[in-house]
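Next up, the structure:
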């Protein structure tokens, strides 16, 4: 569905000067400053996949999505979206994709939602039957009818996101880009959007590329995850593999029958001690929970035990902080 | 085409609901018409026969220039600069719409509302109180009706070119300010080109700006007639073709250099 080969995007920014004279000078002799937002990335996405695309701010996520939409023109490299080169066939490509940018709305600020959707119907040449059918579907799944005649500027963020989602899907795109669609949305609305995203992926076989900072989204929704940092893809694979590879640190939580003094256990570090509870961090390649438990229970009576898996967020944090290139490639 | 009119209608409604303070605007236009009327009256009493046309023709020219101020209402370059600056340009480019035609549709809507609710009523009022003339005959009126939209289209494309510059330069306020002064002066909005000193007249005659005011208004008052009028319309047509071509090229070039701000 999507093929990206050695994609690179440089931004040439004009160093700006102050004032009237400055802007005149800038017109005639501009100093440029080049930044590489996306640096030689390659990936493939198959039809029907639901891929989480994550990375810290400024990593190049939005830039790459905008290139997939044909909004930005790549500096070098190749993109094919369902056989089309987006920046050469921007309008044709736009017909087969849908997009929601969380920070901006595609709808018209001053018009009621339904008017905006009608304009979308005309722009995308959606047939009347399809339009009706989709509206019913969105009513059912997104409760669109609650705010269909409200102007967009009066919508709450959650409603706006639902309206944007409806607009993006009105023409039944094969491919959907969601760029931080959950930003600022409350827990209930978020849950609902997640369910909706899964539903359209499963039932309508829409291929989805989801950008988010919320690891909950990734864990609950995505089957595959791509991590980009400083313009490079540093991880591409499924979540369990990622956990296995990077989530080596685990924590053993022990509750003792009575509070006892801190002590040292082999291959583990005591990270926290609170009342009768103690937290031991250990690397699962150095020791196993059972050895550790055996060691501890030999010395003190234990009331309760728990082994905590690393949070996906913590794993991603270690990947962001920079892993050697080799291990990222190996992980694929 | 349906979409084109949808955008036109939307722009129309937008202007109607937002920036439209009918009474203030029409009062302002009438005031300007009245000023220009008095300026020419006084000048004509001082030096009758020095301006090449009759006083009634000249007053009509001046009043029309004030009414057609509404052409300045539609500023696609502002929209483009705003979208580029805020980064919202990507929501425009997301849609399967030709950007150039999209801008044209909006601009047509904005201009149509200005024409129908302000320019035409203001000229009608001026007809009764300031003695503004109608075109001398039907063919003249027809030529005017051809020339005016051509002038608007030439102007739109100049604006669109300035707007495309916003993609590269981001801040076009200074350029825009200078540009509007040039349009007003070389367009002959207030002072018709035949009163210019030879060099300036020659320069104004070569530039496209006269398409907007001087050509349609001179046709209206019967100063440009017959072959001259046809020639002037052809001049507008040629500039329009050149500008459409330049706009498409320049926009494509600018699009390659687009940087989406934020996010």
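Protein chains in written order, with the working numbering: chain P, 4 to 335; chain D, 74 to 336.
Glycine included, C-beta positions come from ideal geometry on N, C-alpha and C.
The beta carbon of residue 166/D sits closer than 7 Å to some beta carbon of chain P.
Among the residues facing chain D, residue 64/P is not included, as its CB has no counterpart in that chain under 7 Å away.
Setting aside the 5 residues that flank it on each side, residue 106/D is surrounded in the same chain by 135, 136, 139, 140, 195, 199, 203, each with a C-beta closer than 8 Å to its C-beta; the list follows chain order. Out of 125/P, 116/P, 108/P, 278/P, the CA that lies nearest to the CA of residue 161/D is found in 108/P.
When secondary structure is reduced to three states using DSSP, residue 102/P falls in the strand class. For residue 170/P, no CB of chain D lies under 7 Å from its own CB, so it is not counted at the interface with that chain.
A straight-line Cα-Cα distance of about 26 Å links residue 171/D and residue 16/P. In the DSSP assignment, residue 179/P falls within the beta strand (DSSP E) that extends over 178 to 182. With respect to the 7 Å criterion, residue 295/D and residue 209/D are classified as neighbours on the basis of their beta carbons. Boundaries cannot be given for residue 124/D, as no alpha helix (DSSP H) includes it and DSSP labels it neither H nor E.
Scanning chain D for C-beta atoms nearer than 8 Å to the C-beta of residue 111/P yields 83, reported in chain order. Residue 276/P carries a strand assignment under DSSP once its states are collapsed to helix, strand and coil. Contact between the region 112 to 130 of chain P and the region 81 to 95 of chain P is absent: fewer than 3 CB-CB pairs across the two stretches fall below 8 Å. The bridge partners DSSP lists for residue 79/P are 11/P. As DSSP reads the structure, residue 230/P sits in a beta bridge with 57/P, 238/P.
Chain-order list of chain P residues neighbouring residue 170/D: 94, 97, 126, by C-beta distance under 9 Å. Straight-line spacing of the CA atoms in residue 227/P and residue 191/P works out to 24 Å.
Apart from sequence neighbours up to five positions away, the residues of its chain that approach residue 274/D with a beta-carbon distance below 8 Å are 266, 267, ordered along the chain.
Going by DSSP, residue 37/P is part of the beta strand (DSSP E) stretching over 34 to 48. Taking CB atoms only, residue 75/D has a neighbour in chain P less than 7 Å away. Listed along chain D are 332, each with a C-beta nearer than 7 Å to that of residue 14/P. With distances taken between CA atoms, residue 149/D lies nearest to 225/D out of 305/D, 101/D, 225/D, 306/D.
In the three-state reduction of the DSSP assignment, residue 307/P falls in the strand class. Here the region 307 to 320 of chain D makes no contact with the region 239 to 258 of chain D; the two share fewer than three CB pairs at distances below 8 Å. Distance from the CA of residue 94/P to the CA of residue 76/D, rounded to the nearest whole angstrom, comes to 14 Å.
Using a Cβ-Cβ cut-off of 7 Å, residue 329/D counts as an interface residue toward chain P, since at least one Cβ of chain P sits closer than that to its own.
Interface flag for residue 129/P against chain D is unset, since no Cβ pair is found closer than 7 Å. Not a single CB atom of chain P sits nearer than 7 Å to the CB of residue 94/D. Scanning chain P for C-beta atoms nearer than 7 Å to the C-beta of residue 161/D yields 107, reported in chain order.
Within the same chain, and ignoring the five residues on either side of residue 295/P in sequence, the residues whose Cβ sits closer than 7 Å to its Cβ are 255, 268, 271, 283, 285. CA-to-CA, the gap between residue 47/P and residue 6/P works out to about 5 Å. Segment contact: the region 167 to 186 of chain P against the region 131 to 148 of chain P, three or more CB-CB distances shorter than 8 Å; contact assigned. A Cβ-Cβ separation of about 10 Å leaves residue 258/D out of contact with residue 280/D under the 8 Å criterion. In summary, the residues of the region 230 to 249 of chain D whose CB is separated from some CB of chain P by less than 7 Å are 242, 244, 247, in the order they occur in the chain.
Interface annotation, residue 79/D: in contact with chain P, CB-CB separation under 7 Å.
Put simply, the CB of residue 76/P is near chain D, with a gap under 7 Å to one of its CB atoms.
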